[in-house]
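Below: the structure, in structure tokens.
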Amino acid sequence: MKEMLLIIVSAILIDNFIFSKFLGICPFLGVSEKTDTALSMGFAVTFVMTVSSAVTYFIYYGVLVPFNLTYLKTIAFILVIAALVQLIEMFMKKAFPPLYQALGIYLPLITTNCAVLGVTLLNIQYEYNFINSVVYGFASAVGFTLAIVIFAGVRQRLQLSDPPKAFRGIPLALISAGLIAMAFMGFQGMEF
Amino acid sequence: MTKGEFKLKLIDGLLLNNPVLVQLLGMCSTLAVTTNLFNGLGMGIATTIVLTMSNLIISLIRKFVPKQIRIASFIVVISGFVTAIELLIRAYVPVLDKSLGIFIPLIVVNCIILARAEAFASKNPPLPSVVDGLVMGLGFASTLVVLSVIREIIGYGTIGGLNIFGENFKGATLIAMPAGAFITLGIIIATTRYFVNKSKQKC
Amino acid sequence: MLKINKESILYTVIVLTVISSGIALLLAIINSVTSPVIAKKNLEEKGNAIQSIYTDYISFESTKTEVKNAEELYIVSHGDTTDYCVLVSPSGFGGEIQMMVGVTGDLKISGVEIVSMSETAGVGTKIKNADFLSQFIGLQVNKISTDVDVISGATVSSTAAKVGVETALDAVSEYLKAGDNG
């Protein structure tokens, strides 16, 4: 139990995917102009990351390891993620139309979100068991959501400011992200 | 392709349409690995090789691949080359494998590669596609090198591990840390924009 | 001439299969070339870390260990005695610190080497200094928390190194116990 708690806290705050591991920067910059779209994106990513952590665990330890094909893991994982995103999209369209309309446009983008492939590869690297893999997938996605929502809040304010022309938009957004990352550095080296 | 065309293309890839600074693609690896010159250069070269090779193959197979499975087959080709590079780096440059870690397999989801495959290689013959891969790769690699040199100098006071300010220089470690990556890249993008806008006004 | 229908399912399946098998073949070839090189490099790296602890090292043999955060245990023959090394990975300030710890048969520390770490440059990386690491040499398990001074400003990293050394001692004593019983 203590180990699981440690995984959760460190994935959300200490090793935050955006601010310390740099995974998932594209959607972080792309869809963080409004807090509500950021939140929808966060939910979609959380869903895909949790499910793909579980599925890739079985693919890796059930298929790749027994056949000694671990070097194919990148290909296998990206295909699994792409297929999974498609499946989820089709399933949602049928089963939860309102949710699909809210998340629809973000779903295809998730395939090339490096946070998803990243978390599946990290699960293998950290040698997590099944439960811990799923917990880590879920917790780091929550960290991602937290980061993207905080950042969207900041960016909404930025639109009201009047920076030099060259800094408008992405450069200023990056610098603000740097300042938030500095705040997150305060969590590093925390002891339990 | 004439010499003039190539020159135009080079300027396009390096500056006007720089994949990182203007198109804002491949940000994850850009921010993550540019802590020192060695890592930045290594990542730049690895990505350029993958980009060129995948552009070549995708352009060769473009006429046989039906629409429905286009993206799927691109991803297979790209991740194949990424895995090949990963294995080669682990075998012959293990130091680079250690310091880049998970970001080598993550070249697969570097948007630059899929973007060039989709926008260029799938519509053009092999030779221009290879040139396009090389030029865009160079644009990516050069940005990584500039960013990593700046961060290494300010963060540690070294270039490629060589001390340039003498032993007493303490370095602003912050710039070498994640927060510094965001801030440095933001300032570089703003600077490029400033100069690109200025040169456009002249024309 | 045979006309191919590019929209048919059969055609898409064939194309995708051909592409995938082509890529798989390429990777299989590259893997068969690189995997012995990678295995050899890994072995060399471990050998170098062990050699920096036991300068007169001749050969080593690796075994698994069940102790948490200890990756592998090595039975090292050096000079004309046999001692142990343990590869441990305690968590420091910026992630795991990989260290090789030399332990003698009577459970004293014979040397500590940092293999890799991602600690803050200029602060946490000070644990790599010989002044700090040499403090461990000759200590037994109950002395580590008292007799080793942490580096000021790098408490977390130094404490992690201490934990790593204790883990290594644990691993070796477990290994010796298992040997006695069996």
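Chains as they are written, first to last, in this note's numbering: chain A, 30 to 221; chain B, 794 to 996; chain C, 1447 to 1628.
Note that beta-carbon positions come from the ideal geometry of N, C-alpha and C, so glycine has one too.
| field | Strand pairing of Y1530 of chain C, partner residues [DSSP] | value | On the third sequence, position 84 is the one that residue 1530 of chain C refers to. Paired residues: C:I1521, C:V1549.
| task | Note the first and the last residue of the continuous alpha helix (DSSP H) segment covering F913 of chain B. | result | Residue 913 of chain B sits at position 120 when you count from the first residue of the second sequence. Careful: F913 of chain B lies outside any alpha helix (DSSP H) and carries neither H nor E.
| query | Given A1614 of chain C, which residues of its chain have a CB within under 7 Å of its CB, disregarding the five upstream and five downstream residues? | reply | Position 168 of the third sequence holds residue 1614 of chain C. These residues qualify, in order along the chain: A1516, V1532, V1534, V1547, V1549.
| field | 7 Å Cβ cut-off: residues of chain C touching G873 of chain B | value | Along the second sequence, read from residue 1 onward, the residue named residue 873 of chain B stands at position 80. Contact annotation for G873 of chain B against chain C: I1469, L1472, L1473 [CB-CB distance below 7 Å, chain order].
| Taking C-beta to C-beta, are V902 of chain B and T141 of chain A nearer than 8 Å? | Translated into the one-based positions of the second sequence, residue 902 of chain B becomes position 109. Translated into the one-based positions of the first sequence, residue 141 of chain A becomes position 112. It is a contact, given that the beta carbons lie within the stated cut-off.
| Burial state of T828 of chain B, where buried means 16 or more other Cβ atoms lie within 10 Å | As a first step, residue 828 of chain B is located in the second sequence; it is residue number 35 there, counting from the start. Per the 10 Å Cβ criterion, buried.
| Cα-Cα, which of B:P859, B:L814, B:S822 is closest to I1455 of chain C? | In the third sequence, the residue the question calls residue 1455 of chain C occupies position 9. In this structure, B:P859 is the residue among B:P859, B:L814, B:S822 with its C-alpha nearest to the C-alpha of I1455 of chain C.
| query | What number of angstroms, rounded off, separates the C-alpha of V1561 of chain C from the C-alpha of G932 of chain B? | reply | Position 115 of the third sequence holds residue 1561 of chain C. Position 139 of the second sequence holds residue 932 of chain B. Their backbone Cα atoms lie some 35 Å apart in a straight line.
| query | With 16 as the cutoff for other CB atoms within 10 Å, does M1563 of chain C come out buried or exposed? | reply | Here residue 1563 of chain C refers to the residue found at position 117 of the third sequence. Result: buried.
| task | Pull up the distance between the alpha-carbon of I1469 of chain C and that of V923 of chain B, whole angstroms please. | result | Indexing the third sequence from 1 puts residue 1469 of chain C at position 23. Indexing the second sequence from 1 puts residue 923 of chain B at position 130. Between I1469 of chain C and V923 of chain B, the C-alpha separation is close to 19 Å.
| field | Closest residue to G182 of chain A among A:S61, A:N158, A:I139 (Cα-Cα distance) | value | Counting from 1 along the first sequence, the entry for residue 182 of chain A is found at position 153. Of A:S61, A:N158, A:I139, the residue nearest in Cα terms is A:S61.
| query | Does M970 of chain B get closer than 8 Å to chain A when you measure Cβ to Cβ? | reply | Taking the first residue of the second sequence as position 1, residue 970 of chain B is located at position 177. It does: the Cβ of M970 of chain B has a partner Cβ on chain A nearer than 8 Å.
| task | Taking C-beta pairs closer than 7 Å, name the residues in chain B that F120 of chain A reaches, listed in chain order. | result | Position 91 of the first sequence, counted from the start, is the residue given in the question as residue 120 of chain A. The contacting residues do not exist; F120 of chain A stays about 19 Å from chain B at best.
| task | Answer with yes or no whether the minimum CB distance from K1487 of chain C to chain B is below 8 Å. | result | The residue labelled residue 1487 of chain C in the question sits at position 41 within the third sequence. Chain B contact via Cβ: present.
| query | Within this structure, are the beta carbons of L58 of chain A and I199 of chain A separated by less than 8 Å? | reply | Translated into the one-based positions of the first sequence, residue 58 of chain A becomes position 29. Translated into the one-based positions of the first sequence, residue 199 of chain A becomes position 170. Yes, the pair counts as a contact, with Cβ atoms nearer than the cut-off.
| said: What does the alpha-carbon distance come out to for the pair N161 of chain A and V171 of chain A? | reply: By 1-based counting over the first sequence, the position of residue 161 of chain A is 132. By 1-based counting over the first sequence, the position of residue 171 of chain A is 142. Each residue's alpha carbon lies about 15 Å from the other.
| request: Report all residues from its chain with a CB closer than 6 Å to the CB of A914 of chain B; omit the five preceding and five following residues, and keep chain order. | output: Numbered from its first residue, the second sequence carries residue 914 of chain B at position 121. The answer, listed in chain order, is N848, I851, S852, S922.
| chain B within 8 Å of T1457 of chain C, Cβ atoms only | Counting from one through the third sequence, the residue named residue 1457 of chain C turns up at place 11. In the sequence on display, residue 1457 of chain C carries Tyr and not Thr. Chain B contact via Cβ: present.
| Whole alpha helix (DSSP H) elements within the stretch 823-862 of chain B, 4-residue minimum | Correct list: 830-854.
| message | Given this structure, state the Cα-to-Cα distance separating L807 of chain B from A206 of chain A, to the nearest angstrom. | response | Translated into the one-based positions of the second sequence, residue 807 of chain B becomes position 14. Translated into the one-based positions of the first sequence, residue 206 of chain A becomes position 177. When rounded, the distance between both Cα atoms is 26 Å.
| task | For G147 of chain A, return the contacting residues in chain B, with the cut-off set at a CB-CB distance below 7 Å. | result | Taking the first sequence and counting its residues from 1, the one referred to as residue 147 of chain A is at position 118. Residues of chain B passing the Cβ test: I895, L899.
| message | Closer than 8 Å between beta carbons: that is the criterion. Which residues of the stretch 99-125 of chain A meet it against chain C? | response | Y100, L101, I104
| Can you name the residues of chain A whose CB is closer than 8 Å to the CB of N1477 of chain C? | Here residue 1477 of chain C corresponds to residue number 31 of the third sequence, with the count starting at 1. Within chain A, Y100 have C-beta atoms less than 8 Å from the C-beta of N1477 of chain C, given in sequence order.
| is_contact[Y987 of chain B, chain A] using C-beta, thresh 8 Å | Locating residue 987 of chain B in the second sequence gives position 194, where the first residue counts as 1. Interface residue, yes.
| request: Using alpha carbons as the reference points, say which of A:A168, A:V164, A:A73, A:A212 lies closest to Q130 of chain A. | output: Here residue 130 of chain A corresponds to residue number 101 of the first sequence, with the count starting at 1. Minimum Cα distance to Q130 of chain A is reached at A:A73.
| query | Helix or strand or just coil, what does DSSP make of T141 of chain A? | reply | Numbered from its first residue, the first sequence carries residue 141 of chain A at position 112. T141 of chain A: coil per DSSP, three-state reduction.
| query | Can a CB atom of chain A be found closer than 8 Å to the CB of G964 of chain B? | reply | Within the second sequence, residue 964 of chain B is the residue found at index 171, counting from 1. Chain A contact via Cβ: absent.
| said: Any beta carbon from chain B within less than 8 Å of L1462 of chain C's own beta carbon? | reply: The residue given as residue 1462 of chain C occupies position 16 in the third sequence. Yes - at least one Cβ of chain B is within 8 Å of the one on L1462 of chain C.
| query | For Q168 of chain A versus I41 of chain A, is the C-beta distance shorter than 8 Å? | reply | One-based indexing of the first sequence puts residue 168 of chain A at position 139. One-based indexing of the first sequence puts residue 41 of chain A at position 12. For the sequence presented, residue 168 of chain A should be read as Ala rather than Gln. Yes.
| field | DSSP beta-bridge partners of T1509 of chain C | value | On the third sequence, position 63 is the one that residue 1509 of chain C refers to. Paired residues: C:L1519.
| said: Tell me which residues share the same chain as P898 of chain B and place their Cβ nearer than 7 Å to its Cβ, disregarding the 5 neighbours each side in the sequence. | reply: Walking along the second sequence from the start, residue 898 of chain B turns up at place 105. V875, E879, listed in sequence order.
| query | Anyone know if the C-beta pair for I1597 of chain C and S1556 of chain C falls short of 8 Å? | reply | Position 151 of the third sequence holds residue 1597 of chain C. Position 110 of the third sequence holds residue 1556 of chain C. Taking 8 Å as the Cβ cut-off, I1597 of chain C and S1556 of chain C do not qualify as a contacting pair.
| query | How many angstroms separate the CA atom of L128 of chain A from the CA atom of P137 of chain A? | reply | Taking the first sequence and counting its residues from 1, the one referred to as residue 128 of chain A is at position 99. Taking the first sequence and counting its residues from 1, the one referred to as residue 137 of chain A is at position 108. Cα to Cα, L128 of chain A sits roughly 15 Å from P137 of chain A.
| request: Return helix, strand or coil for N811 of chain B, following the three-state DSSP convention. | output: Mapped onto the second sequence, residue 811 of chain B falls at position 18. Three-state DSSP puts N811 of chain B in coil, outside helix and strand.
| query | Taking the continuous beta strand (DSSP E) assigned at I1560 of chain C, which residues delimit it? | reply | Numbered from its first residue, the third sequence carries residue 1560 of chain C at position 114. Element bounds for I1560 of chain C: 1555-1562.
| message | Between I1543 of chain C and chain B, is any beta-carbon pair separated by less than 8 Å? | response | The residue you call residue 1543 of chain C lines up with position 97 of the third sequence. With 8 Å as the cut-off, I1543 of chain C does not count as an interface residue toward chain B.
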